[in-house]
Amino acid sequence: MLLLIPGPVQTRPEVRACMAEDIAPWDEDFRAEYAAMRPRIVKIAGGVEGRHVSLPLPGCGHMIIESAIRTFVPAGAKLLVVRNGGYAERLARLAETAGRVVVALDGPDHEPMAPERLARALAENPDCGHVALVVSETGTGIVNDPNILGPVIAAAGRRMICDAVSGFGALPFSIDAHPECDVVVFTSNKCLEGLPGFGFAVAPIARLEACRGQAGSWVMDLVDVYDHALKNGWGSFRFTPAVQALRAFGKAMEIYEAEGGQPARFARYSRNRDVMYAGLQALGFTPYVAPEHQGPIIVNVYQPVDPNWNLETFQRMMKARGVILSDFSSTKKPSMRFGCIGAIGEEDIRFALKQAEAVLQEMGVGQRAVAA
Ligand SMILES: *Cc1c(COP(=O)(O)O)cnc(C)c1O
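Numbering follows the UniProt record's numbering, in which position 183 of the sequence shown is assigned residue number 183; successive positions increment by one, without gaps.
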């Protein structure tokens with residue numbers, strides 16, 4: 001089966017094979033394996049040993065995002081959320097439920113947040129100490145680039161929290177070049193092509209030291225993850241981890257580094273995206289995002305308005321032909337997503353497009369373009 005969803009992604013057999021073994025996480029051999037992974041994670045985030053640390057936490061992406069917000073934003077404090085997509089809405093909900101006060105900066109969901117608008121919002125909200133942004137918005141495929149928005153946040157003297165989950169490892173980012181960044185979070189199962197089960201935060205040590213005791217949670221306190229490592233070693237765990245997923249992530253990092261790291265992955269996904277974007281247009285679909293705003297993670301198109309169209313039917317018929325797609329969208333107008341990430345290449349995208357062409361014909365969907 002070919003997974004063309006924006007996570008969990010298609011993985012390589014060597015990565016999946018890591019799941020087939022029983023492992024004792026507290027065994028000294030595994031402790032050494034885990035301890036050796038942590039500086040590699042820091043390096044992938046562009047961090048510097050001694051200045052930044054990696055803080056892994058078992059669970060899904062939302063867990064690590066909430067942990068980051070709890071750890072760095074004090075309860076009752078205001079947080080400006082760049083809210084221009086479905087995942088940003090989720091982030092705002094997480095923060096609010098955790099007792100942080102969200103000031104939303106809403107934007108159209110088909111283009112990145114303009115730096116001028118963020119600068120104005122920060123000037124108007126001097127009491128927002130932090131800005132949280134979703135880097136690659138998985139609902140639409142746009143990118144709020146921290147390399148553009150970070151300097152705006154720095155100039156206003158505020159701190160940045162990056163939900164980099166969907167694009168981390170493919171989009172260029174170096175935490176050491178962003179002194180305004182408190183934390184960048186990502187997971188094992190998106191562009192790093194591991195299996196689901198782990199979230200990761202990379203943060204400056206100085207900021208962790210300054211944020212002790214404000215998470216309001218033991219499980220989700222990233223400072224506690226750090227303190228535990230200081231006390232018990234970098235190969236130790238506080239609670240039972242998804243240990244096989246962690247070993248698989250180590251294998252995935254090996255493959256990532258051998259492929260050429262971020263530039264190579266960005267290049268491969270960009271090719272996938274180009275083939276997908278052009279191919280969907282050739283099938284008659286209307287893209288949700290203009291080419292100049294289109295990131296390399298997913299391509300989103302409007303759903304046809306043809307009376308024969310039905311997303312669930314399309315999804316089911318594609319699955320019967322070996323391609324798994326998302327069967328929901330998080331945009332205001334009905335759309336659908338085609339993932340470009342994972343251990344796949346342009347030949348896989350071409351295969352999927354060919355199946356889509358056949359399914360559309362079988363369904364009798366002739367009118368595919370939509371007045372956007
Ligand atoms: C996938 C994703 C998440 C996390 O999703 P989980 O289902 O909680 O793992 C968070 N933010 C973005 C932008 C994502 O793409």
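Here a beta-carbon is modelled for each residue, glycine too, at the ideal position from N, C-alpha and C. It should be emphasised that the depicted structure is a prediction, and the values quoted were computed from it without experimental measurement.
Distance cut-off 7 angstroms: residue i Cβ against heavy atoms of ligand 1
| i | result |
| --- | --- |
| Pro6 | yes |
| Val289 | no |
| Ile341 | no |
| His52 | no |
| Ser136 | yes |
| Cys162 | no |
| Val165 | yes |
| His293 | no |
| Thr331 | no |
| Thr11 | no |
| His62 | yes |
| Tyr226 | no |
| Ile65 | yes |
| Tyr34 | no |
| Tyr269 | no |
| Thr140 | no |
| Lys231 | no |
| Thr187 | yes |
| Tyr256 | no |
| Lys354 | no |
| Tyr277 | no |
| Lys43 | no |
| Lys190 | yes |
| Tyr87 | yes |
Straight-line Cα distance separating residue j from residue i
| i | j | result |
| --- | --- | --- |
| Asp224 | Lys231 | 10 angstroms |
| Phe237 | Gln262 | 28 angstroms |
| Arg120 | Ala369 | 37 angstroms |
| Tyr277 | Asn300 | 9 angstroms |
| Phe186 | Thr138 | 13 angstroms |
| Val289 | Thr140 | 7 angstroms |
| Pro196 | Glu49 | 26 angstroms |
| Phe249 | Asp22 | 16 angstroms |
| Gly199 | Ala68 | 11 angstroms |
| Ile65 | Leu105 | 18 angstroms |
| Gly85 | Phe30 | 39 angstroms |
| Met317 | Val323 | 9 angstroms |
| Val305 | Ala206 | 53 angstroms |
| residue 377 | Ala20 | Absent from the model: residue 377. The displayed extent of the chain is 1 to 372, so no value can be given. |
| Glu347 | Leu325 | 17 angstroms |
| Ser329 | Ile349 | 20 angstroms |
| Phe266 | Trp309 | 33 angstroms |
| Asp163 | Ala320 | 34 angstroms |
| Asp109 | Val243 | 37 angstroms |
| Asn272 | Met37 | 29 angstroms |
| Asn144 | Ala210 | 27 angstroms |
| Asp176 | His228 | 24 angstroms |
| Tyr34 | Lys332 | 42 angstroms |
| Glu28 | Gln303 | 53 angstroms |
| Ile344 | Gln10 | 7 angstroms |
| Ala215 | Ala17 | 36 angstroms |
| Ala132 | Asn125 | 14 angstroms |
| Ile255 | Gln294 | 26 angstroms |
| Arg268 | Arg12 | 15 angstroms |
| Leu80 | Gly366 | 44 angstroms |
| Pro58 | Gly260 | 27 angstroms |
Per DSSP, the bridge partner or partners of residue i
| i | result |
| --- | --- |
| Val301 | Pro287, Met336 |
| Pro58 | Phe198 |
| Met160 | Val131, Cys181 |
| Ala104 | Val81 |
| Thr97 | For Thr97, which the question treats as bridged, DSSP gives no partner whatsoever. |
| Pro39 | DSSP lists no partner for Pro39. |
| Glu49 | His52 |
| Val323 | Leu2 |
| Pro204 | His52 |
| Thr187 | Gly199 |
| Ser136 | Val143 |
| Ile168 | Going by the sequence as given, residue 168 is Phe instead of Ile. Leu171, per the DSSP bridge assignment. |
Test: residue i CB closer than 8 angstroms to a CB of chain B
| i | result |
| --- | --- |
| Leu171 | Given the protein chain composition of this structure (a single chain), no chain B is represented. |
(request) Give a yes or no on contact between the segment 208-226 and the segment 152-171, applying the rule of three or more CB pairs nearer than 8 angstroms. (result) no
(message) Would the segment 345-361 count as touching the segment 102-119 if we require 3 or more Cβ pairs under 8 angstroms?
(response) no
(message) Using a Cβ distance threshold of 8 angstroms, determine whether the segment 176-191 contacts the segment 154-163, with at least three qualifying pairs required.
(response) Taking one beta carbon from each stretch, the segment 176-191 and the segment 154-163 have 3 or more pairs nearer than 8 angstroms; the two touch.
(message) Whether or not the segment 340-347 and the segment 282-289 are in contact is what I'm after, with contact meaning three or more pairs of Cβ atoms, one per stretch, closer than 8 angstroms; do they touch?
(response) Contact between the segment 282-289 and the segment 340-347 is absent, with fewer than three C-beta pairs closer than 8 angstroms.
(request) Would you check if there are 3 or more beta carbon pairs closer than 8 angstroms linking the segment 28-44 to the segment 88-108? (result) no
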